[in-house]
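Numbering (my numbering), first residue to last: 122 to 266.
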């Protein structure tokens, strides 16, 4: 069963969470990760999403939960096709459980998903910290297969 977004000017975060199946804390996190999701704020500081924000959230849900993209990969995919339609995405269907992929199962485009964009500036200290965390995680995973 496909879901139709109700015709309203604005949607509160709870409404968006209810009909997209995405928890409110995840929606707030996605606002920090995806510049395109920028809800207006009311005088009482409530987030007010527009229909195009909700459509983008549904597109992100499909990319991240159904197609298995990473955050970086979804960001890149949205840059390639920002105006893609999400009408065919069924909202009421639960997201598939995450599956652990072995090296043989990882698609070839994964390396492109993790590449940093060329524009913008990056904090070298933060990148070094992330690298150290990843190396520690890798070492831990290798020690406990």
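Here a beta-carbon is modelled for each residue, glycine too, at the ideal position from N, C-alpha and C.
Note that this is a predicted model, so its numbers are computed, not measured.
Thinking C-beta only, is residue 154 closer than 8 Å to residue 126? no
In DSSP terms, what residue 168 is bridged to: 162
Given a threshold of 16 other Cβ atoms within 10 Å of its Cβ, counted over all protein chains shown, does residue 170 qualify as buried or as exposed? buried
Collapsed DSSP secondary structure at residue 197 in the structure displayed: The three-state secondary structure of residue 197, taken from DSSP, is helix.
Please list the terminal residues of the continuous alpha helix (DSSP H) segment that includes residue 134. 134–141
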